[in-house]
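Notes follow once the structure below has been shown.
There are 2 protein chains.
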Amino acid sequence: MYNNARFPIMKSEITRTPFPNSEKIYVEGVIHPIKVAMRKVKLTDTVKMVNGERVFHKNDDVVIYDTSGPFTDLSVQIDLQKGLPRLRESWIKERGDVEQLSDISSEYGRMRRADKSLDALRFEHIALPYRAKAGKQISQMYYAKQGVITPEMEYVAIRENQNNAELGIESHITPEFVRREVAEGRAVIPANINHPEAEPMIIGKNFLVKINTNIGNSATSSGIEEEVEKAVWSCRWGGDTLMDLSTGANIHETREWIIRNCPVPVGTVPIYQALEKVDGKVEDLTWEIYKDTLIEQCEQGVDYFTIHAGIRLHNVHLSQKRLTGIVSRGGSIMSKWCLVHNQESFLYDHFDDICEILAQYDVAISLGDGLRPGSIHDANDEAQFAELDTLGELVQRAWKYNVQAFIEGPGHVPMHKIKENMERQISACHEAPFYTLGPLTTDIAPGYDHITSAIGGAQIAWLGTAMLCYVTPKEHLGLPDKEDVRVGVITYKIAAHAADLAKGHPGAQVRDNALSKARYDFRWKDQFNLSLDPERALEYFKQGAHEDGEYCTMCGPNFCAMRLSHDLNACAK
Amino acid sequence: MYNNARFPIMKSEITRTPFPNSEKIYVEGVIHPIKVAMRKVKLTDTVKMVNGERVFHKNDDVVIYDTSGPFTDLSVQIDLQKGLPRLRESWIKERGDVEQLSDISSEYGRMRRADKSLDALRFEHIALPYRAKAGKQISQMYYAKQGVITPEMEYVAIRENQNNAELGIESHITPEFVRREVAEGRAVIPANINHPEAEPMIIGKNFLVKINTNIGNSATSSGIEEEVEKAVWSCRWGGDTLMDLSTGANIHETREWIIRNCPVPVGTVPIYQALEKVDGKVEDLTWEIYKDTLIEQCEQGVDYFTIHAGIRLHNVHLSQKRLTGIVSRGGSIMSKWCLVHNQESFLYDHFDDICEILAQYDVAISLGDGLRPGSIHDANDEAQFAELDTLGELVQRAWKYNVQAFIEGPGHVPMHKIKENMERQISACHEAPFYTLGPLTTDIAPGYDHITSAIGGAQIAWLGTAMLCYVTPKEHLGLPDKEDVRVGVITYKIAAHAADLAKGHPGAQVRDNALSKARYDFRWKDQFNLSLDPERALEYFKQGAHEDGEYCTMCGPNFCAMRLSHDLNACAK
């Protein structure tokens with residue numbers, strides 16, 4: 001546990017406990033001098049009785065993809081006030097194509113900085129932002145198209161192959177493969193040059209399925225301190241990216257704290273903050289306010305923006321036919337703006353300007369699905385697919401500027417309509433990565449929508465969706481607390497991993513096999529240590545009044561199938 | 001809440017609270033004088049402002065399939081000591097083909113009855129059992145083949161169509177359709193003549209997907225009282241059938257209490273009790289002990305037996321190639337027996353004798369998958385499919401005796417191997433209903449295996465599996481408590497319902513639509529009342545410091561998409 005007593009708003013404990021029997025390891029790059037962080041789970045020996053003597057068989061350690069960042073490496077000193085080590089800063093500077101600005105560019109950012117009343121809330125050690133030098137292209141997509149393998153690309157190539165080298169498992173994922181996927185737009189490495197603390201990761205259908213977690217306060221709840229701990233917490237359990245969806249007070253300051261201490265890429269929906277700037281009056285939103293917000297967030301280090309530029313004036317009426325109208329916040333804001341002004345949205349009209357800004361910082365675009373269906377009834381309707389076609393047009397415009405992009409998807413979709421979503425996305429959006437919310441496969445289980453949506457999420461990820469946005473048990477009911485975040489993340493790790501197995505991702509089954517062997521060997525602790533949530537597994541196990549032997553309370557000694565199955569081996573000999 | 005103060009072992013409270021704003025209704029039969037129990041959820045009006053005035057639009061009440069039995073009808077007096085009303089007794093007697101015996105037939109049952117030390121545990125009002133008259137066929141399958149629509153068949157036909165008549169939804173499910181499906185073995189109505197308390201239900205791929213819950217004590221935990229409350233509790237949340245998997249002390253007496261108070265069909269695995277009778281020594285099991293156990297349980301009223309007759313001597317060695325051997329308790333017991341005796345199992349050898357016994361009580365067979373895979377590694381292997389072929393042979397033998405039968409399936413299966421399971425089951429087992437445990441789609445999440453398995457369960461049910469056996473969060477770790485049962489049941493109701501939607505079951509979407517409309521109308525209470533777990537939804541909602549208005553803490557007032565979407569309608573006008 002980390003205790004920061006000096007700074008009043010960061011006095012709470014940040015979770016740093018490493019996972020049981022696990023060790024942080026760093027695998028070195030071959031092309032670049034990089035160190036790729038992973039978690040190694042050390043296993044105990046299998047013990048067998050042979051002729052009355054105990055014989056020990058060694059079990060290979062299992063290396064696990066690790067999103068928890070430096071927090072679980074106790075050899076790293078962490079000071080939340082200073083932020084995480086700036087892992088990628090030297091890589092970025094060495095490319096020689098960026099410059100550090102003498103001041104931040106956003107008017108709003110300067111205004112907040114000048115406001116003394118915010119001093120107590122402020123992250124102290126803000127570095128001046130980087131931006132592309134005039135005339136320079138700096139994005140991962142640009143380099144990929146030039147045939148250059150960046151340190152980020154090598155990092156993710158190593159990261160995607162946890163046990164494969166040692167176990168001799170063949171993998172298609174090489175640094176050159178990563179480069180090609182990024183060049184062709186099939187994969188995205190969200191990597192704002194102003195968020196050098198993040199460990200590179202990749203989103204694309206030919207890679208491990210990723211999960212995004214959402215945190216953020218709303219007008220009615222939650223403070224900075226709580227949000228930072230939630231960010232660290234969600235990375236701990238396996239969140240691959242983190243969206244800060246704050247809509248309440250002090251969005252700017254909250255975000256700074258989160259980004260500086262977040263080891264995974266951070267996404268936002270800039271229209272939320274823009275709306276706060278006009279006191280929630282949708283009709284008062286303008287391109288200028290939005291533009292300043294983009295620049296503000298680009299320079300803070302947001303790695304990707306959800307932009308609802310797919311809302312077109314002539315399509316808005318399509319949602320009127322629905323049972324549940326528009327359920328995307330950004331979608332409803334932009335639809336209302338279009339109708340009030342009877343005008344094409346400024347996001348669509350200024351999409352090229354947006355791309356020009358984002359290209360200077362290598363911020364990726366997540367093309368928002370403002371018309372995603374909010375109920376089983378509305379799934380796969382005309383409104384949804386009309387917007388998808390627009391997103392397909394926009395992704396090509398983004399690629400012209402070498403801006404990395406992916407596409408957001410639904411929402412609420414019954415199982416038999418999931419496949420059409422994936423197929424239409426692939427054809428309409430030129431194989432840009434798909435990033436879906438679930439989908440929820442039924443509407444009748446508020447309180448359990450992490451499950452209704454994991455059922456859909458696993459399926460759509462198997463079909464090719466690259467990243468799943470998690471859903472917590474509180475969906476539709478309220479903001480998630482820490483325990484909800486944990487349950488949401490684990491549930492989505494399950495969906496993503498089930499899809500990795502189904503897709504045949506190289507080495508994905510190593511962990512399943514090791515855990516199952518531990519289970520069959522009655523190596524309980526190894527079983528728990530290899531699981532997605534070792535603490536929960538142990539807690540449930542301990543609730544039973546079991547003895548510490550070769551069975552649990554589920555069946556008791558005489559009815560333990562695995563115990564009998566071992567006897568069987570003896571019988572057969 | 002029900003409080004039985006008179007009987008010491010039944011002094012705890014049995015949950016009887018009806019669901020909020022719900023009313024028990026009884027729909028009358030047309031062919032037979034039957035009353036089919038359902039739950040009607042009463043909805044409030046939609047309120048809209050038109051020209052400054054509140055205009056009310058009525059919302060149709062929604063009728064829900066109800067497995068909770070008489071417990072949620074407060075007009076029914078319930079005395080756990082006497083058991084539930086014997087709903088089907090008159091139907092059974094009127095067919096004129098059964099006789100009430102003058103004594104129970106099982107030696108063991110008589111022995112237990114004579115044991116005075118058990119008096120304090122015993123259910124008092126045991127009725128003498130019924131059995132087919134000599135030479136008479138009495139099963140639902142027999143009647144179906146004769147072209148007779150029994151009251152049970154009409155009951156399930158009405159039960160499967162909750163809102164369809166009133167809403168004018170066309171349905172293929174008529175009493176005659178039910179009869180044909182039962183006649184052809186594609187569906188099973190588990191209906192032991194000695195469990196007349198159970199409300200008829202049907203298991204078949206052309207009907208609503210059903211879920212089974214498991215309860216039962218093991219040698220290390222849990223008493224009769226707790227198990228009866230768990231049974232009532234699991235029916236309350238939606239369990240369609242209930243397996244009593246007790247393996248500890250007093251199995252006989254526990255089962256009597258459960259059956260007499262259980263409104264859904266009860267299944268068991270008789271080999272568990274048989275093994276208790278030989279003190280856990282597998283090698284001491286004999287056909288005679290097993291046969292007496294079958295008769296004992298047939299006369300108590302068990303509706304279906306899991307029988308692991310698919311274990312063949314020449315196939316047992318196939319499990320030796322596995323990572324996790326045999327994980328079915330019954331499978332491991334019978335495999336060990338075969339190896340120890342180097343002999344074909346008595347279940348396989350005496351399968352015709354078994355059918356002859358079961359036919360006399362209309363007990364159905366659930367053909368156990370003793371060689372189901374216990375890990376992703378072992379899915380779809382030779383052992384599993386060899387056994388499936390044997391089950392296909394056995395189901396036809398059962399049908400010759402007019403014994404209803406279904407087939408159990410795995411287990412642990414990655415998503416891409418699920419479809420093969422269903423296809424091979426259909427072809428090997430002649431369209432007999434499939435009844436699967438999940439399958440679990442990854443091994444890495446002990447503590448969350450209700451979710452790993454709901455992902456697989458939803459998929460295999462969509463493909464045609466008729467019934468899913470629930471998995472609780474405690475799977476692999478310990479026995480479920482009440483809260484685990486609730487979470488397991490709700491999780492499986494989600495999987496089953498998602499499959500009903502995907503299969504296009506007539507009227508399945510009515511509840512989704514009504515709930516989504518309530519959500520969009522901000523009729524929060526209607527939303528909760530229509531949900532699978534109204535209490536949990538309300539509890540989560542209340543945790544947020546929301547105001548009682550048109551938004552929740554998730555987004556706050558300015559960022560509520562649905563609120564904005566309503567504004568949109570106003571703009572568009």
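Respectively, the protein sequence lines represent chains P and Y. As numbered in the UniProt record's numbering, residues 1 to 573 make up the first sequence, in order. As numbered in the UniProt record's numbering, residues 1 to 573 make up the second sequence, in order. The C-beta atom is built at its ideal place from N, Cα and C for all residues, glycine as well.
Pick helix, strand or coil for residue i, following the three-state DSSP scheme.
{"i": "Y:Ile-311", "result": "coil"}
{"i": "Y:Asp-244", "result": "strand"}
{"i": "P:Met-141", "result": "helix"}
{"i": "Y:Tyr-470", "result": "coil"}
{"i": "Y:Arg-397", "result": "helix"}
{"i": "P:Thr-150", "result": "coil"}
{"i": "P:Gln-300", "result": "helix"}
{"i": "Y:Pro-8", "result": "Any reading at Y:Pro-8 must be qualified, since the residue scores a pLDDT of 47, below 50, and its modelled position is unreliable; the value itself is stated next. Helix."}
{"i": "Y:Ser-221", "result": "For Y:Ser-221, the predicted structure reports a pLDDT of 49, less than 50, and the residue's modelled location is therefore unreliable. A value from the coordinates is still provided. It is a strand residue."}
{"i": "Y:Glu-89", "result": "helix"}
{"i": "Y:Asn-164", "result": "helix"}
{"i": "P:Val-266", "result": "strand"}
{"i": "Y:His-412", "result": "strand"}
Pick out whichever of the options has its Cα sitting closest to the Cα of residue i.
{"i": "P:Ala-144", "options": "P:Val-182, P:Ala-165 and P:Gly-96", "result": "P:Val-182"}
{"i": "Y:Pro-473", "options": "Y:Glu-256, Y:Asp-449 and Y:Leu-437", "result": "Y:Asp-449"}
{"i": "Y:Phe-406", "options": "Y:Asn-51, Y:Val-156, Y:Gln-77 and Y:Pro-190", "result": "Y:Pro-190"}
{"i": "P:Leu-479", "options": "P:Glu-296, P:Cys-560, P:Glu-227 and P:Asp-97", "result": "P:Glu-227"}
{"i": "Y:Met-422", "options": "Y:Gly-457, Y:Cys-262 and Y:Glu-283", "result": "Y:Gly-457"}
{"i": "P:Ile-202", "options": "P:Ile-426, P:Asn-513, P:Ala-466 and P:Gly-504", "result": "P:Ala-466"}
{"i": "P:Ala-120", "options": "P:Asp-284, P:Asn-250, P:Lys-542 and P:Glu-184", "result": "P:Asn-250"}
{"i": "P:Thr-150", "options": "P:Ser-319, P:Pro-410, P:Gly-96 and P:Ile-211", "result": "P:Gly-96"}
{"i": "P:Lys-482", "options": "P:Gln-137, P:Lys-40, P:Trp-233 and P:Gln-77", "result": "P:Trp-233"}
Label residue i either buried or exposed according to how many other C-beta atoms from any shown protein chain fall within 10 Å of its C-beta, with 16 as the threshold for buried.
{"i": "P:Asn-402", "result": "buried"}
{"i": "P:Gln-273", "result": "buried"}
{"i": "P:Lys-417", "result": "buried"}
{"i": "P:Asn-194", "result": "buried"}
{"i": "Y:Val-30", "result": "exposed"}
{"i": "Y:Asn-3", "result": "Here the model assigns Y:Asn-3 a pLDDT of 38, short of 50, so the residue's position is not dependable and the matter cannot be decided."}
{"i": "P:Ile-455", "result": "buried"}
{"i": "P:Arg-6", "result": "In this predicted model, P:Arg-6 has a pLDDT of only 38, less than 50, meaning its place in the structure is not dependable; the value taken from the coordinates is given anyway. Burial call: exposed."}
{"i": "P:Arg-236", "result": "buried"}
{"i": "P:Met-153", "result": "buried"}
{"i": "Y:His-566", "result": "buried"}
{"i": "Y:Leu-75", "result": "For the sequence presented, residue 75 of chain Y should be read as Ser rather than Leu. Classification for Y:Ser-75: exposed."}
{"i": "Y:His-317", "result": "exposed"}
{"i": "P:His-252", "result": "buried"}
Ordered along the chain, which non-local residues of its own chain (more than five positions away) have a Cβ less than 8 Å from that of residue i?
{"i": "P:Met-38", "result": "Lys-24, Ile-25, Tyr-26, Val-27, Val-63, Ile-64, Tyr-65, Asp-66, Arg-159 and Gln-162"}
{"i": "Y:Asn-206", "result": "His-172, Ile-173, Phe-177, Glu-181, Arg-186 and Ala-187"}
For residue i, which residues of its own chain have a beta-carbon under 6 Å away from its beta-carbon, when the five flanking residues on both sides are left out?
{"i": "Y:Ile-169", "result": "Pro-506 and Gly-507"}
{"i": "Y:Glu-124", "result": "Gln-81"}
Among the residues of its own chain, which have a CB less than 7 Å from the CB of residue i, if the five just before and after it don't count?
{"i": "P:Asp-443", "result": "Ser-375, Ile-376 and His-412"}
{"i": "P:Leu-477", "result": "Pro-446 and Gly-447"}
{"i": "Y:Arg-511", "result": "Val-62, Ile-64 and Leu-530"}
{"i": "P:Arg-131", "result": "Val-98, Glu-99, Leu-101, Gln-360 and Tyr-361"}
{"i": "Y:Ala-461", "result": "Val-209, Leu-468, Ala-495, Ala-496 and Ala-499"}
At least 3 beta-carbon pairs within less than 8 Å: the stretch 524 to 535 of chain P vs the stretch 390 to 399 of chain Y: These segments do not touch.
- request: May I ask you to verify whether the stretch 262 to 281 of chain P touches the stretch 305 to 321 of chain P, counting CB pairs closer than 8 Å and requiring at least 3?
  value: Cβ pair count under 8 Å is three or more, so yes.
task: Count the CB pairs spanning the stretch 354 to 362 of chain P and the stretch 492 to 506 of chain Y that are closer than 8 Å, and state whether there are at least three.
output: Counting C-beta pairs closer than 8 Å gives fewer than three between the stretch 354 to 362 of chain P and the stretch 492 to 506 of chain Y, which falls short of the contact rule.
query: If you pair each beta-carbon of the stretch 321 to 328 of chain P with each one of the stretch 361 to 372 of chain P, do three or more pairs fall below 8 Å?
result: A contact exists between the stretch 321 to 328 of chain P and the stretch 361 to 372 of chain P.
- prompt: Is there contact between the stretch 332 to 352 of chain P and the stretch 312 to 324 of chain P, where contact requires at least three CB pairs shorter than 8 Å?
  reply: Judged by Cβ distances under 8 Å, the stretch 332 to 352 of chain P makes contact with the stretch 312 to 324 of chain P, as three or more pairs qualify.
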